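Quick note: the UniProt record's numbering has the sequence shown finishing at residue 582, numbered continuously throughout.
These notes concern the structure reproduced below.
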Amino acid sequence: GLTRHYTFNVQMTNVTRLCVTKSIPTVNGQFPGPKLVVREGDRLVVKVHNHMNYNVSFHWHGIRQLRNGWADGPSYITQCPIQGGGSYVYDFTVTGQRGTLWWHAHISWLRVHLYGPLVILPKRGEGFPFPRPYKELPPIMFGEWFNEDTEAVINQALQTGAGPNISDAYTFNGLPGPTYNCSSKDTYKVKVQPGRTYLLRLINSALNDELFFGIANHTLTVVEADANYVKPFTAKTLVISPGQTMNVLLTTSPSPAFPAYAMAIAPYTNTQGTFDNTTAVAVLEYAPTRASATGNNHLPLPPLPRYNDTNAVANFSSKFRSLATARYPARVPRTVDRHVLFTVGLGTDPCPSNQTCQGPNGTKFAASINNNSFVRPRVALLEAHYQRRYAGVLMANFPTAPPHPFNYTGTPPNNTFVMHGTRVVPLAFNTSVELVLQGTSIQGAESHPLHMHGFNFFVVGQGFGNYDPVNDPANYNLVDPVERNTVSVPTGGWVAVRFLADNPGVWLMHCHFDVHLSWGLSMAWLVNDGPLPSQKMLPPPSDLPKC
Ligand code: C2O
36 GLTRHYTFNV
46 QMTNVTRLCV
56 TKSIPTVNGQ
66 FPGPKLVVRE
76 GDRLVVKVHN
86 HMNYNVSFHW
96 HGIRQLRNGW
106 ADGPSYITQC
116 PIQGGGSYVY
126 DFTVTGQRGT
136 LWWHAHISWL
146 RVHLYGPLVI
156 LPKRGEGFPF
166 PRPYKELPPI
176 MFGEWFNEDT
186 EAVINQALQT
196 GAGPNISDAY
206 TFNGLPGPTY
216 NCSSKDTYKV
226 KVQPGRTYLL
236 RLINSALNDE
246 LFFGIANHTL
256 TVVEADANYV
266 KPFTAKTLVI
276 SPGQTMNVLL
286 TTSPSPAFPA
296 YAMAIAPYTN
306 TQGTFDNTTA
316 VAVLEYAPTR
326 ASATGNNHLP
336 LPPLPRYNDT
346 NAVANFSSKF
356 RSLATARYPA
366 RVPRTVDRHV
376 LFTVGLGTDP
386 CPSNQTCQGP
396 NGTKFAASIN
406 NNSFVRPRVA
416 LLEAHYQRRY
426 AGVLMANFPT
436 APPHPFNYTG
446 TPPNNTFVMH
456 GTRVVPLAFN
466 TSVELVLQGT
476 SIQGAESHPL
486 HMHGFNFFVV
496 GQGFGNYDPV
506 NDPANYNLVD
516 PVERNTVSVP
526 TGGWVAVRFL
536 ADNPGVWLMH
546 CHFDVHLSWG
556 LSMAWLVNDG
566 PLPSQKMLPP
576 PSDLPKC
């Protein structure tokens with residue numbers, strides 16, 4: 036492969052949306068940030084210079100970073116953040132993956148502004164395993180815009196334990212579009228020819244919202260999820276969770292009735308609290324045809340499901356199957372060495388006596404996996420592990436079963452107080468893990484997009500209610516389950532995934548809703564080195580930032 040070089044100058048830039056001008060962090064003054072393009076097998080070298088006066092680090096979401104957690108990026112997990120005035124070079128090779136991924140800042144809520152696409156083209160001469168599209172359209176990243184200072188939004192949520200203020204707009208490549216006040220001129224538009232098939236890359240980089248997506252009068256063919264090919268299937272509405280990516284084929288009408296159609300996103304949520312239920316709009320614009328020459332100004336909107344249509348979501352997610360061909364096999368672990376059950380959900384802390392808290396019964400909101408609310412350490416876990424300096428940094432006793440079993444999707448227990456700690460699950464190299472992620476009913480069922488660093492996993496089963504360890508495994512798909520890096524744990528239900536722990540290092544797993552991540556809905560796997568030199572972590576780069 037080739038070596039591709041990029042430079043990220045992280046700097047404050049004035050950006051105006053919804054008639055509000057804010058100074059926001061950008062990469063090279065661009066919002067959203069630059070698109071990175073590599074081919075499978077290439078080495079990617081990204082030099083980051085932090086010109087801001089606060090810390091930053093970058094994550095290459097979905098890149099496996101084999102033996103090379105030093106380039107993974109989550110602050111205080113695989114590296115200390117890059118301080119103001121500091122620099123760091125992310126240097127990694129993209130092996131065994133192709134498709135659409137993305138990059139984003141991985142500290143506090145900075146990813147609200149610092150994100151961009153990461154496109155991995157197939158190896159030269161390899162092509163796609165579906166009919167060759169006429170062209171690629173530019174990737175579309177869904178995002179959120181806050182008029183308020185986003186760091187203030189999360190700090191308020193952390194201190195008072197109230198839900199954070201919702202964003203002021205959903206965006207397409209940073210543009211809110213015509214359904215918001217003072218925003219028509221900031222509408223994302225893409226031009227197409229009639230009667231052609233395009234490849235469209237979609238990325239949900241929103242902070243806290245799962246999204247429905249559709250294009251009026253068009254059916255989409257899903258061909259890839261999280262940089263893994265899937266058996267093609269058609270859909271009018273997609274559901275994309277934060278962290279997830281999807282490639283679709285868009286076939287345009289040979290004789291469009293209108294000169295343009297709306298592409299729309301709207302939230303899917305079961306949150307009891309407030310959320311923005313605006314449908315945000317971008318425009319699919321046809322090159323002029325005879326029909327459109329009449330100048331029809333109507334912009335048809337796609338019908339999207341109701342905001343809480345859980346069945347539509349379950350139906351959509353059940354359609355994903357790995358391509359599972361000889362060239363792209365589904366390497367599902369057939370046997371299981373370790374069974375792990377995680378309850379995923381919110382929880383509470385007692386309210387400090389000098390505060391008023393806005394959680395249930397005056398408590399303070401927290402979030403947990405197996406009742407453990409993850410505490411971010413003060414040094415990087417990966418470094419501590421590499422140097423075998425664990426004392427005072429991490430505890431190797433993250434619970435692999437719920438400490439107090441209860442009816443997870445029934446009446447929640449009275450006491451939902453969480454414990455706090457920087458706990459990890461240690462795994463021997465090449466352990467085959469089956470992980471069941473069980474949603475809970477604590478504080479109202481809510482789905483949680485769980486993202487795993489360092490691995491893809493196979494989604495072998497999912498269902499509503501409580502996971503049944505006796506009967507549910509009989510229905511697992513071990514033939515062509517979808518391979519992903521982010522899966523939404525369904526509202527009031529569970530999902531079972533399998534992965535092989537063949538990548539030594541310390542790997543974060545967390546809810547990709549930033550509000551839940553900030554409240555502690557996260558944990559880390561510590562995968563030990565294997566016996567062979569090729570099974571050991573690489574040494575840290577010399578410019579690794581210090582805490
Ligand atoms: Cu896309 Cu840990 O993140």
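Note that CB positions come from ideal geometry on N, CA and C, so glycine has one too.
Source: prediction; values computed, not measured.
query                                                                                                                  : result
Distance cut-off 6 Å: residue 109 Cβ against heavy atoms of the ligand C2O                                             : yes
Residue closest to residue 519, alpha-carbon to alpha-carbon, out of 38, 193, 574, 488                                 : 488
Cβ-Cβ distance between residue 180 and residue 138 below 7 Å                                                           : no
Top-ranked residue by Cα proximity to residue 232, from 224, 255, 415, 517                                             : 255
Near the ligand C2O: residue 278 beta-carbon under 6 Å from a heavy atom                                               : yes
Residue(s) in a DSSP beta bridge with residue 91                                                                       : 117
Residue 434 versus residue 113 - alpha carbon distance                                                                 : 22 Å
Span separating the alpha-carbon of residue 259 from that of residue 426                                               : 43 Å
Span of the alpha helix (DSSP H), counted from its first residue to its last, around residue 126                       : Per DSSP, residue 126 belongs to no alpha helix (DSSP H); it is in the beta strand (DSSP E), 122-128.
DSSP state of residue 482 mapped onto helix, strand, coil                                                              : coil
Any non-hydrogen atom of the ligand C2O within 6 Å of residue 486 CB                                                   : yes
Distance between residue 266 and residue 421 (C-alpha atoms, nearest Å)                                                : 40 Å
Residue burial classification, residue 550 (beta-carbon count within 10 angstroms, cutoff 16)                          : buried
Close-in-space but distant-in-sequence residues of the same chain around residue 56 (CB under 8 Å, 5 per side omitted) : 49, 50
Length of the line joining the Cα atoms of residue 545 and residue 289                                                 : 44 Å
Boundaries (first-last residue) of the alpha helix (DSSP H) holding residue 352                                        : 345-352
Residue 328 (DSSP reduced to helix, strand or coil)                                                                    : Per-residue confidence for residue 328 stands at a pLDDT of 49, beneath the threshold of 50, marking its modelled position as unreliable; no derived number is given.
Other residues of its chain near residue 184: CB distance less than 8 Å, five sequence neighbours each side excluded   : 57
Any C-beta of chain C under 7 Å from that of residue 390                                                               : Of the protein chains in the structure, only one exists, and it is not chain C.
Distance, residue 415 Cα to residue 573 Cα                                                                             : 16 Å
Beta-carbon proximity list for residue 373, same chain, < 6 Å, skipping 5 on both sides                                : 466, 468
Every unbroken beta strand (DSSP E) inside the stretch 394-421 [3 residues or more]                                    : 399-404, 407-409
Euclidean distance between Cα positions of residue 140 and residue 418                                                 : 20 Å
Limits of the alpha helix (DSSP H) - the one that residue 592 falls within                                             : As shown, the chain starts at 36 and ends at 582. That puts residue 592 outside it, with no answer to give.
Own chain, CB closer than 6 Å to residue 569, minus 5 neighbours either side, in chain order                           : none
Own chain partners of residue 39 with C-beta closer than 6 Å, once the 5 adjacent residues on each side are dropped    : 73, 77, 79
Beta-ladder partner(s) of residue 171, from DSSP                                                                       : 234
Straight-line gap, residue 120 to residue 553 (C-alpha atoms, nearest Å)                                               : 25 Å
Expected contact under 8 Å - CB spacing of residue 134 and residue 282 to nearest Å                                    : 6 Å
Beta-carbon gap between residue 512 and residue 495 smaller than 7 Å                                                   : yes
Spatial distance of residue 261 from residue 246 (CA atoms)                                                            : 16 Å
Closest Cα partner of residue 449 within the set 478, 172, 472                                                         : 478
Local Cβ density within 10 Å of residue 333, reported as buried at 16 or more and exposed below that                   : exposed
Three-state secondary structure assigned by DSSP to residue 100                                                        : coil
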